[in-house]
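Chains as they are written, first to last, in my numbering: chain A, 2 to 551; chain B, 2 to 551. Input: a single structure, listed below in structure tokens.
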């Protein structure tokens with residue numbers, strides 16, 4: 002039996018496009034005489050469709066598309082993800098389903114049993130969990146069909162409060178009762194650095210324990226903040242990874258089941274380190290935001306600091322140098338090297354840049370406000386005015402020329418609120434909002450691994466917002482090496498003050514950092530969507546009360 | 002048996018405060034010889050605690066508080082909401098529980114069975130649903146204890162896709178097997194106008210069908226965007242509402258069970274119309290945001306239009322006239338009446354106002370940008386600069402004087418993206434973001450019901466953003482009477498184009514409105530928290546993809 006895996010970059014809600022891509026892949030699979038082609042989870046709608054699932058016409062259209070696709074499945078069978086209606090009059094109205102298409106029609110519909118409802122996932126918001134299991138019989142083989150989380154009943158992962166097993170049901174245990182010949186898992190599993198290892202463990206363990214080959218098909222491509230990394234896998238019954246599809250781009254491959262059965266390949270090792278993975282994920286995240294919204298060009302504020310330098314390089318990699326524009330907006334507090342370093346980078350990248358001094362506009366604000374501010378000490382107000390003038394200038398260029406403003410704030414500063422709302426926090430998409438400052442440096446080193454693209458001075462100078470004379474980040478914040486370690490433990494690991502202090506951090510520092518994080522929920526509420534690359538990004542995956550004491 | 006109901010305004014995560022308030026109420030109940038006192042859902046943590054529930058120390062502290070409260074329960078029993086740990090090693094780690102406290106200790110713990118996971122609710126994100134039912138036996142009576150949604154197994158409400166019955170279990174059906182003597186429901190049910198009628202129907206129906214008295218205790222007070230309206234109820238076995246506690250404020254009352262059993266009061270009728278309800282809810286929403294964050298004063302931009310006028314009046318009602326400051330920021334496009342109407346309102350409200358013309362600053366932007374904009378037509382860019390200059394001025398006053406900026410955008414304009422990101426969309430809290438423009442007018446009429454507080458000219462002139470000469474909202478938007486009707490059907494009722502058109506609206510108008518709504522998800526993503534007063538507010542309750550086609 003020949004099995005084709007189609008790893009496609011869908012567009013959420015664009016049925017015409019998605020169906021076109023699915024039919025194209027089916028025809029390609031038919032040409033090479035594949036018996037079965039497998040697509041990713043909710044392929045027809047793209048994942049995640051979110052509250053579009055609450056619109057009846059949306060769901061009906063998706064189901065119509067499935068039937069249209071079925072008509073193409075004459076000499077081939079296909080497994081296609083799409084929602085289906087729950088025939089019961091109680092429980093959620095929908096299932097998250099995989100349709101088995103064969104002989105030109107829908108042969109059976111299989112529903113997802115384990116519905117992830119944590120972090121960025123909200124599946125129980127829409128779907129009823131499946132509790133009735135069935136096997137697919139096709140050309141003499143029995144197929145155990147699972148959908149993404151269905152194989153995550155006992156993952157090597159600790160979720161909130163240290164829990165691994167979030168479900169009381171094991172779909173694979175139920176399906177094994179039918180004595181399947183192989184396992185299929187269709188997924189839409191968003192990228193987090195290091196998650197590839199987790200998936201590898203889950204899939205190889207299931208294959209080994211069941212002595213069955215396993216075909217895993219993941220979605221690829223970014224949808225706003227979520228980046229799906231592809232990397233579909235084929236596992237032998239011995240639990241060896243026979244092959245993987247590309248990471249971070251579309252792919253299509255056909256496998257002979259019998260070959261996979263007897264394959265004893267050495268174990269797959271994924272060669273990218275976490276910074277390379279983040280890098281590739283972020284580039285895909287930027288590229289797809291533009292490609293899927295139809296926007297062409299980006300604008301960024303280039304300060305001469307490390308964050309905007311790295312974000313600009315990533316934007317150039319994603320969009321090409323002709324499509325990236327930068328503004329350099331020095332004030333009277335900007336050091337000379339801020340401008341010269343930024344200019345040097347812009348030249349090396351061959352991108353359009355403009356130097357737009359802001360002091361004249363800042364002074365017009367201060368003059369206007371003078372009657373109210375007279376006699377009061379200069380404080381963060383004046384610093385924010387500078388950041389906001391830059392924000393308005395960037396948005397003016399964005400509005401006039403149709404460039405999308407990319408935000409360059411990093412995760413460390415977003416965490417502690419070291420940024421100006423409606424100023425440097427502006428943007429349609431946050432490139433580095435899930436990358437701690439220390440990892441921004443690593444990204445820069447990775448970018449410079451062969452040649453010095455980012456001027457070395459940008460990497461070596463002390464970080465500064467340059468909003469008052471001789472300002473340094475270290476005036477207001479703990480050193481980033483400490484800050485990032487503490488933030489990681491609080492945000493990703495959800496540890497308490499006591500636990501973090503017990504790991505050797507000063508309690509005053511830990512308490513201060515936590516106070517800053519908690520006090521800035523209101524700012525983060527208005528942050529642009531952040532490309533997620535860790536297990537806990539700010540945004541939909543982390544829902545904290547704004548008005549609260551903790 | 003004497004039963005006390007304690008309707009308290011808790012602060013999320015402020016255990017010290019919440020426990021203090023709970024103990025205070027217990028002592029008060031003991032003084033009047035009550036046998037039992039009932040508090041609202043998750044009383045100890047405040048509702049909703051959101052992802053604070055993913056921090057072990059937070060949950061542990063909540064449980065410690067329950068035991069502390071139990072020690073006060075010597076001559077009285079209490080029912081207190083708090084999370085508890087799921088002893089099983091699979092499934093979610095927590096239950097949403099009600100603790101029955103008696104004889105100085107925790108006698109039993111009862112878990113919520115139906116976990117709302119729709120709109121603003123995410124309970125399955127945190128909690129395992131209960132499937133084992135037990136009754137409380139106390140002083141010769143059997144008590145069926147339910148938690149909020151547990152009685153909503155078959156409500157007179159259609160959720161997404163027309164579904165009423167979201168669950169396959171009926172907790173009350175299970176509890177009836179124990180032959181209870183009365184029903185308790187502890188809730189944290191957020192305000193939506195018209196929802197009071199729904200609750201009344203649910204509770205009276207359950208009482209009547211079971212022939213049991215029902216005591217419903219709701220949380221009161223606002224938490225960021227969610228406003229809990231209180232209005233706890235006591236229902237007789239005949240399904241008559243014997244009494245209600247106050248709406249929109251704290252209350253405490255004691256009932257003799259035997260009186261409730263035989264009460265045949267005429268049915269309760271709630272006398273406020275929907276606009277009065279919205280009004281009171283919004284005032285509470287503003288007041289609690291300030292009270293619970295410790296902020297004292299608000300600032301608003303007063304344009305001379307209806308939205309900022311209504312928002313300012315609500316702020317004055319919530320905070321007092323000394324604590325509300327306004328800026329009037331005319332440009333060269335501002336009409337004379339904009340300033341005179343706004344000044345007149347400020348005088349009538351006796352609030353501090355300043356007139357800060359913006360043209361000087363706007364010109365400094367245009368001069369700075371002139372080299373790039375030279376020869377290009379004036380467009381929305383220049384309009385946005387004006388709105389953003391106002392935004393920066395308001396934030397400067399906010400930063401310098403510690404006023405919180407209140408946002409005055411209405412639901413109609415937020416829906417269609419008729420507002421400037423980082424301009425008039427700025428603010429820490431959106432007062433009117435869930436109020437359609439036509440309802441803003443109704444709010445104004447309600448405010449003016451006795452005396453003309455809002456100058457009549459503000460109500461009668463044509464709405465305009467005044468960002469270009471002689472601009473009117475009706476240049477860019479359908480008339481608000483049409484717009485709001487279509488928006489309501491699309492947003493609240495999730496109807497399709499075809500359905501809305503079939504109700505008699507022009508298809509071009511409907512399609513245009515839907516396109517505008519869909520194209521502006523990116524703006525709404527960065528909108529401040531919006532006080533929710535309808536069944537579907539923008540924000541956490543409506544999760545739409547930004548990058549998508551639909």
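A virtual CB, placed ideally from N, CA and C, is assigned to each residue, including glycine. Bear in mind that the values here come from a model prediction, so they are computed numbers and not experimental data.
Cβ pair residue i, residue j closer than 8 angstroms
| i | j | result |
| --- | --- | --- |
| residue 435/A | residue 388/A | no |
| residue 228/A | residue 447/A | no |
| residue 82/A | residue 40/A | yes |
| residue 152/A | residue 308/A | no |
| residue 129/A | residue 96/A | yes |
| residue 214/A | residue 258/A | yes |
| residue 242/B | residue 178/B | no |
| residue 198/B | residue 535/B | no |
| residue 168/B | residue 92/A | yes |
| residue 492/B | residue 537/B | yes |
| residue 44/A | residue 77/A | no |
| residue 324/B | residue 347/B | no |
| residue 74/B | residue 20/B | no |
DSSP bridge partner residues for residue i (one or two, in chain order)
| i | result |
| --- | --- |
| residue 84/A | 97/A |
| residue 326/B | 300/B, 353/B |
| residue 146/A | 185/A |
| residue 407/B | 430/B |
| residue 59/A | According to DSSP, residue 59/A bridges with nothing at all. |
| residue 543/A | 540/A |
| residue 112/B | 98/B |
| residue 6/B | 39/B, 254/B |
| residue 107/A | 102/A |
| residue 531/A | 431/A |
| residue 78/A | 37/A |
| residue 128/A | 95/A |
N-terminal and C-terminal residue of the alpha helix (DSSP H) that residue i is part of
| i | result |
| --- | --- |
| residue 38/A | It is not in any alpha helix (DSSP H) - residue 38/A instead sits in the beta strand (DSSP E) that spans 37 to 39. |
| residue 369/A | 360 to 374 |
| residue 441/B | 438 to 448 |
| residue 392/B | 381 to 402 |
| residue 19/B | 16 to 32 |
| residue 177/B | 172 to 177 |
| residue 500/A | 498 to 503 |
| residue 458/B | 457 to 461 |
| residue 180/B | It is not in any alpha helix (DSSP H) - residue 180/B carries neither H nor E in the DSSP assignment. |
| residue 273/A | Note, residue 273/A: premise wrong, no alpha helix (DSSP H); not H, not E. |
| residue 481/B | 481 to 488 |
| residue 168/B | First-last for residue 168/B: undefined, no H or E at that position. |
| residue 522/A | 522 to 526 |
| residue 452/B | It is not in any alpha helix (DSSP H) - residue 452/B carries neither H nor E in the DSSP assignment. |
Range of the contiguous beta strand (DSSP E) that encloses residue i
| i | result |
| --- | --- |
| residue 137/A | 137 to 139 |
For residue i, the nearest candidate out of the options (CA to CA)
| i | options | result |
| --- | --- | --- |
| residue 471/B | 339/B, 327/B, 122/B | 339/B |
| residue 524/B | 548/B, 537/B, 533/B, 75/B | 548/B |
| residue 7/A | 114/A, 412/A, 144/A, 24/A | 24/A |
| residue 381/B | 187/A, 399/A, 292/A | 399/A |
| residue 150/A | 69/A, 185/A, 245/A, 137/A | 185/A |
| residue 477/B | 497/B, 414/B, 505/B, 528/B | 414/B |
| residue 403/B | 429/B, 384/B, 410/B | 429/B |
| residue 35/B | 10/B, 57/B, 48/B, 79/B | 79/B |
| residue 162/B | 55/A, 304/A, 233/A | 55/A |
| residue 216/B | 511/B, 207/B, 68/B | 207/B |
Q) For the region 188 to 269 of chain A, which segments carrying the beta strand (DSSP E) assignment without a break, of at least 3 residues, lie completely within its bounds, in sequence order? A) The beta strand (DSSP E) runs lying completely inside the region 188 to 269 of chain A and spanning 3 residues or more are 215 to 219, 221 to 224, 227 to 230, 234 to 236, 242 to 245, 252 to 257, given in chain order.
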